[in-house]
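Undergrad: Numbering (our numbering), first residue to last: 10 to 543.
Dropping a structure here in structure tokens format, bear with me for questions.
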Amino acid sequence: MLTLLSCGEGEVASTIVVDSTADTDNRDGVVTLREAILLASGELAVAELDAGEADNVSKQPGAESSDTIIFDPSVFPASDGDTISLTAPLPALSTGLDSIDGSQASVTIDGVKQTVECIVISSNDNAVKGLSIKNCLVGVTIQPGAQGNEIGGAGPGEGNVISANDQGVLIGAAGANGNVVKGNYVGTDAAGTAALGNRLGIVIDRGAEGNVVGGSSPEERNIISSNSGVGVVINGSRNVVKGNYIGTDVTGTVSLANRMEGIWLPAGAENNIIGGPSPGDRNLLSGNDLFGVSMSGEGTRGNVVIGNYIGVDATGTAPLKNLVGVVIDRGAQGNTIGGTGAGEGNLISANNDAGVLIRGLNASSNAVLGNQIGVDATGSQLLGNGNGVLVLESAQGNTIGGPAADEANVIVGSVAFGVLIEGSETVGNTVRGNSIFSNRIEAIKNKDGGNAELAPPTIDSVGPVEGSACPNCTVDIYSDSGAEGQVYEGSVVADADGRFSFAASVSGPNITATATDASGNTSAFSQPARAPIE
């Protein structure tokens, strides 16, 4: 039996030691986890315990105290531990400020047949750490209205292993705000190297706000991998997912694929942040069978994906592909991939079909800004994507890059196109200011009526750069060694007859141009013209 030391007078914290693997509530000289939770919630009083059980409790736990449930290491040794097999749902942590702490032992909670929610939190400011939780309907449930709870931790042994469940962690609906999930292995073993899976890793339900999955330090990182569905589902708003490895092992160099998306934001998810501008905020979203990040459905708006590595390993120098890096799908509007601030651009490379895919009706007013698409983290190695950016199936009014230096994307090394815009209803998509080069087929392709197949400019002479384009269109001038647009030189507006003249110096050796009309359609690149040799 673990000996408890009495706290000083006036302290309200109580410690309850679990020294049995049973799942009972009997007066039998030992304390089970079920009994410990009942004591912490005040549903079972110390006075009701027998002498052997009472020896496992310090002070007076209950609804008015902050209680810590720990585990006797002689019963749950850290070396190999033991298992508590549940026969019924455990009581909820219902009174707040309580913790279940298995960090100094090795404790497995087994839901046996995936029919129960194993750990349920219905109050505020609780903690669950250091446990292995398996075979549950939900490993850990934070119910609607429960706030400020912490699942896992950054200290030694505080992370949970939450695997082989239907859902790993569920953060419930309205009012389940300000909860933190950090330092856990969700879908893998405790080493973070073997696949155990859940169906869904972490789910944040509609109405839950201000929750954080991960953190900015390596100790706060969750490994969210090997789930048969999605790694992280965010139905709620104003939540943050940062600093995690999603789709890889603990080293970030080996794929442990989530079989669907790494992160999915379905209809109605608003103003969530995936990643962040500092290196510690970076999610590694790689090795997933479908998409690194997907945003889809009506009302999915205002979300930002910033500072992440998508499709590469943790070093940013080797491929670890997803099918597609980032998808913005039908109905999703006003979302941003990358940004104009320091560190906000994503590294999106080595993905099989595309780095970025924007598709479907009402997938509009989204922006792709400041990203490195197809290059490695050093900027010296081309990793490519199947296509750099695809815009398809009636997606309209989206923006890829911009004339300001911090808006421009680098789009390089694609197996097919740098940017492909396809379909007669896929119009008003603006592609400006980017560095697009070394793509195998073409830098910008408008296909089957995409962007109204706006005619590219014609360059008549260089020095100054003069030619013709659509009347009153904005003409962007580029330099390249071939027929693409590696260096953005600036822009000029064509006159009413379509004539333009760009007087600024250009670096060459070849000069190309695109045109963008008043509806936001951008053309393919013009045929290159040779700059004069000075």
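Every residue, glycine too, gets a C-beta built ideally from N, C-alpha and C.
Predicted, not measured: the structure shown is a model, and the values here were computed from it.
Would you mind stating whether proline 70 and leucine 106 have Cβ atoms separated by less than 8 Å?
TA: For proline 70 and leucine 106, no; Cβs fall outside 8 Å.
Undergrad: Evaluate aspartate 258 with the Cβ neighbour count: other Cβ atoms within 10 Å of its Cβ, from every protein chain shown; 16 or more gives buried, anything less gives exposed.
TA: Buried, because 16 or more other Cβ atoms sit within 10 Å of the Cβ of aspartate 258.
Undergrad: Give me the Cα-Cα distance between glycine 166 and serine 112, rounded to the nearest whole angstrom.
TA: About 5 Å.
Undergrad: Looking at the secondary structure, which residues open and close the alpha helix (DSSP H) in which serine 50 lies?
TA: It spans 42 to 50 - the alpha helix (DSSP H) in which serine 50 sits, taken as one unbroken run.
Undergrad: Would serine 235 and glycine 196 qualify as a contact pair, given that the criterion is a beta-carbon distance under 8 Å?
TA: Against a cut-off of 8 Å, the Cβ pair of glycine 196 and serine 235 comes out as a contact.
Undergrad: Return helix, strand or coil for asparagine 460, following the three-state DSSP convention.
TA: Helix.
Undergrad: Tell me the residue span of the beta strand (DSSP E) that contains glutamate 62.
TA: Careful: glutamate 62 lies outside any beta strand (DSSP E), inside the alpha helix (DSSP H) at 60 to 63.
Undergrad: With which residues is isoleucine 213 paired in a DSSP beta bridge?
TA: Per DSSP, Ile180, Ile243.
Undergrad: Using only the alpha-carbon positions, how far apart do alanine 163 and glycine 334 sit?
TA: Each residue's Cα considered, the two are about 29 Å apart.
Undergrad: So what does alanine 522 bridge to, in DSSP terms?
TA: Paired residues: Ile486.
Undergrad: So the beta strand (DSSP E) alanine 136 belongs to, where does it begin and stop?
TA: From DSSP, the beta strand (DSSP E) with alanine 136 extends over 136 to 138.
Undergrad: Relative to the C-alpha of glycine 507, which residue among Asp469, Asn519, Ala452 is closest?
TA: Of the candidates Asp469, Asn519, Ala452, the one whose C-alpha sits nearest the C-alpha of glycine 507 is Asp469.
Undergrad: Does the distance from the C-beta atom of arginine 268 to that of serine 295 stay below 8 Å?
TA: No; because the gap between Cβ atoms is not below 8 Å, this pair is not in contact.
Undergrad: Going by other Cβ atoms of all chains shown within 10 Å of its Cβ, with 16 needed for buried, is aspartate 385 buried or exposed?
TA: Classification for aspartate 385: buried.
Undergrad: Who are the near neighbours of alanine 72 in its chain, counting only those whose CB is closer than 7 Å to its CB and skipping five residues on each side?
TA: Cβ neighbours of alanine 72 beyond the five flanking positions: Ser50, Gly51, Thr104.
Undergrad: Give the list of continuous beta strand (DSSP E) stretches no shorter than 3 residues that lie fully inside the stretch 139 to 165.
TA: Correct list: 140 to 143, 147 to 151, 159 to 161.
Undergrad: Looking at the secondary structure, which residues open and close the beta strand (DSSP E) in which methionine 269 lies?
TA: Segment: none, methionine 269 is in no beta strand (DSSP E) and carries neither H nor E.
Undergrad: Just reading off the beta strand (DSSP E) that aspartate 91 is part of, what are its end residues?
TA: That run of the beta strand (DSSP E) goes 91 to 94.
Undergrad: Report all residues from its chain with a CB closer than 6 Å to the CB of proline 537; omit the five preceding and five following residues, and keep chain order.
TA: Closer than 6 Å at the Cβ level, and outside the excluded window around proline 537, lie Ala492, Asn519, Thr521.
Undergrad: Could you check whether phenylalanine 446 and aspartate 489 sit closer than 8 Å to each other, using their CB atoms as the reference points?
TA: Yes, these two residues count as a Cβ contact at 8 Å.
Undergrad: Report back the beta-carbon spacing between serine 3 and serine 226 to the nearest angstrom; my notes put them in contact at under 8 Å.
TA: No answer is possible for residue 3: the residues shown for the chain start at 10 and end at 543.
Undergrad: What distance in whole Å lies between the Cβ atoms of glutamate 416 and leucine 463, which are believed to be in contact at a cut-off of 8 Å?
TA: Rounded, the Cβ-Cβ distance is 21 Å, inconsistent with contact.
Undergrad: For proline 275, is the classification buried or exposed, using 16 other Cβ atoms within 10 angstroms of its Cβ as the cut-off for buried?
TA: Under this definition proline 275 is a buried residue.
Undergrad: If contact is defined by three or more beta carbon pairs under 8 Å, each pair taking one atom from either stretch, is the stretch 152 to 163 in contact with the stretch 133 to 144?
TA: Short answer: they touch.
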